[in-house]
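What the sequence shown shows, in our numbering, is residues 1113 to 1155, in sequence order. Reviewing the structure listed below.
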Amino acid sequence: MELFFQSHLFEAMSITDLADLERGIHRLIIYLNRFQKKTSTKG
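Dropping the structure here:
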């Protein structure tokens, strides 16, 4: 029973981690795009 719960907990954690990672990458891309625009307008 405990092992069953642990495996499901791990599965849920990996799913949320993937979702957070996807969001983080998306934010990073947006941030980098803004940064590039700022540097290009300065230069």
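Glycine included, C-beta positions come from ideal geometry on N, C-alpha and C.
* To do: Would you kindly work out how many angstroms separate the C-alpha atoms of Glu1114 and Thr1151, rounded to a whole number?
  => In a straight line, the C-alpha of Glu1114 is about 54 Å away from that of Thr1151.
* Asked: Going by beta carbon distance, what residues of the same chain come within less than 8 Å of Ile1127, once the five residues before and after it are set aside?
  -> none
* To do: State the Cα-Cα distance for the pair Phe1149 and Asp1129, rounded to the nearest angstrom.
  => Here residue 1149 turns out to be Lys, not Phe, going by the sequence shown. Looking at the two C-alpha atoms, the distance is approximately 30 Å.
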